[in-house]
Amino acid sequence: MSTTSEKVQQFLRDNPDIRNSMNIGIINQSALARHIMHEMSIENFDAVLAALKRYDYKDPYPLKKEILKKSNLEMVSGLSIIVIKRTYNNLKIITNIILNNKRLNSVKIVDTSDGIALIAEDVIASEIMKYVPDEQILKVDTNLGELIINSPEAIEKATGYINYITSLLSDINILQIISFYNDTIIILDQKNLTDAFKIISSKIGE
Numbered sequence: 041m042s043t044t045s046e047k048v049q050q051f052l053r054d055n056p057d058i059r060n061s062m063n064i065g066i067i068n069q070s071a072l073a074r075h076i077m078h079e080m081s082i083e084n085f086d087a088v089l090a091a092l093k094r095y096d097y098k099d100p101y102p103l104k105k106e107i108l109k110k111s112n113l114e115m116v117s118g119l120s121i122i123v124i125k126r127t128y129n130n131l132k133i134i135t136n137i138i139l140n141n142k143r144l145n146s147v148k149i150v151d152t153s154d155g156i157a158l159i160a161e162d163v164i165a166s167e168i169m170k171y172v173p174d175e176q177i178l179k180v181d182t183n184l185g186e187l188i189i190n191s192p193e194a195i196e197k198a199t200g201y202i203n204y205i206t207s208l209l210s211d212i213n214i215l216q217i218i219s220f221y222n223d224t225i226i227i228l229d230q231k232n233l234t235d236a237f238k239i240i241s242s243k244i245g246e
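Each step along the sequence shown adds one to the number in this note's numbering, with nothing skipped, and position 132 is 172.
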């Protein structure tokens, strides 16, 4: 059976936003203790409060911060996401459109559990929808933007890097995150793009 201290530590590990707020002293410990009691089914208030005071609030993201500082940031607007059924004919349609378009880097293809997701500029997305039958299209999202964070290769060994990025954008609705090699691509509503860019760029510039 877990002790009160272990339950408190587990709660803080599972809630990095709360832990980070504790780091900078903007959370009332007594109020947090009552919340943890409710969430973790603990009855002893004094024990929870004591565990909070003993907790080591060291920075959980030192390496991630250094990597982000050395990263490059790009912002792209005017995007759409189209999810279509995974069929041979649909793959042929997509392939032909992409091969006939000189801006190949403007299309990203992601295999999902439901089908094939295409992230493309609005113009190309409209072209795709002309050739794909309506009944083959599962979902369309428009007026999107993306942040592309190009990081040093050290990102491959930085466990929790994506968690750090999302914690910075905790007040912004992230629609999709795609991560491969040293690129982290964040898809979000276009209206939130500038705010997200400012948040990440401020960390790069620190």
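Even glycine gets a Cβ: it sits at the ideal position worked out from N, Cα and C.
Secondary structure note for I240: its alpha helix (DSSP H) is the uninterrupted segment L233 to I244. By the neighbour-count definition (other C-beta atoms within 10 Å, threshold 16), G200 is an exposed residue. Taking the Cα of I202 as reference, the smallest distance to any Cα among K110, T224, G185 and R126 is reached at T224. When DSSP assignments are scanned along the region 180-232, the uninterrupted stretches of beta strand (DSSP E) that are 3 or more residues long and fall wholly within it turn out to be 214-220 and 223-229. By the beta-carbon neighbour count (other beta carbons within 10 angstroms, threshold 16), K179 is exposed.
Around the CB of N213, fewer than 16 other CB atoms lie within 10 Å, so the residue is classed as exposed. By the neighbour-count criterion, in which 16 or more other beta carbons inside 10 Å mark a residue as buried, V163 falls on the exposed side. The region 105-123 makes contact with the region 182-192, as at least three CB pairs between them are under 8 Å.
Residue state for S120 is assigned as strand, using DSSP reduced to three classes.
Assignment of N130 by DSSP, reduced to helix, strand and coil, places it in the helix class. Taking a 10 Å sphere around the C-beta of I66, we find fewer than 16 other C-beta atoms and assign the residue as exposed. Taken atom to atom, the span from the alpha-carbon of E196 to that of A73 is near 36 Å. Sorting L139, S166 and E175 by C-alpha distance to the C-alpha of G155 places E175 at the top. Comparing C-alpha distances from V48 to each of N60, R94, Q216 and Y128 shows the shortest one belongs to R94. DSSP places N84 outside both helix and strand once states are collapsed to three, so it counts as coil. Inter-residue distance for I124 and E161 is about 16 Å (C-alpha atoms, whole angstroms). It is roughly 57 Å from the alpha-carbon of M80 to the alpha-carbon of N140. Secondary structure at K148: strand, using DSSP grouped into helix, strand and coil.
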